[in-house]
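These notes are about the structure you will find just below.
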Amino acid sequence: MATADSLSLFTGLGLSEHKARETLKNAALSAQLREAATQAQRTLGSAIDKATGTLLYGLASRLRDPRRLSFLVSYVADKKIHTEPQLSAALEYVRSHPLDPIDTADFERECGVGIVVTPEQIEEAVEVTINRHRPQLLEERYHFNMGLLMGERACEGAALLSSHAFSSGVIRGSRQRGRSPLKRGLALAGLAQ
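Residue numbers (full-length UniProt numbering): 1 to 193.
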């Protein structure tokens with residue numbers, strides 16, 4: 001496929017022109033992405049939305065076993081895998097199950113295929129998680145490692161992040177309220193006991 005055709009195909013997936021040109025410099029990645037896009041177009045037609053294009057790029061760039069490309073592209077094209085966490089779970093599944101055949105029921109269960117999470121369910125899960133860490137969150141406030149909360153298995157990251165940020169901000173309160181120097185700062189100054 002000519003470079004101009006590949007560039008057009010990649011920008012049609014939602015990649016910026018700069019990102020598409022960078023992708024073309026990597027022969028293995030561009031070949032795998034071209035194959036993934038071509039397979040997806042068989043299902044979706046020539047127009048692939050940006051969200052699907054992003055998933056296809058993530059799939060092509062992270063998939064180590066090209067034998068699984070068609071299998072995974074079919075799930076992305078059919079919108080059975082439609083979020084980044086699902087794609088990550090799918091890639092992890094095919095890495096950990098290299099032998100044929102793939103147990104599709106087990107694969108779908110591990111990847112969350114068919115599971116739709118509502119904003120209310122996200123809020124409920126965030127509330128449970130926040131309540132589990134509430135004592136530590138209140139004590140450490142803005143020094144609390146939010147990665148502990150974000151690292152828990154969850155749905156789409158953006159929705160979860162905004163809900164976490166709101167909930168934890170309400171609990172922690174103003175940054176200025178009850179502000180005290182860090183213990184580490186005191187230790188460095190030789191003032192800690």
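We put the CB at the ideal spot given by N, CA and C, even for glycine.
Membership of Pro-98 in any alpha helix (DSSP H) is not indicated, and neither H nor E is assigned to it by DSSP. In this chain, the alpha helix (DSSP H) harbouring Ile-122 covers 119-140. Shown here, Ala-47 sits in coil according to DSSP, grouped into three states, outside any helix or strand. Straight through space, the alpha carbons of Ala-89 and Leu-33 are spaced by roughly 19 Å. In the DSSP assignment, Asp-78 falls outside any alpha helix (DSSP H) and carries neither an H nor an E. Cβ-Cβ distances below 6 Å link Gln-86 to Cys-111 and Gly-112 in the same chain, with the five nearest sequence neighbours on each side left out; the list follows chain order.
A residue is called buried once 16 or more other Cβ atoms fall within 10 Å of its Cβ, and Ile-48 is buried on that count. Two segments are said to touch when three or more pairs of C-beta atoms, one from each, lie closer than 8 Å; by this definition the segment 26-40 touches the segment 59-79. Here the C-alpha atom of Glu-22 lies approximately 17 Å from the C-alpha atom of Glu-35. In the three-state scheme derived from DSSP, where H, G and I count as helix and E and B as strand, Asp-65 is classed as coil.
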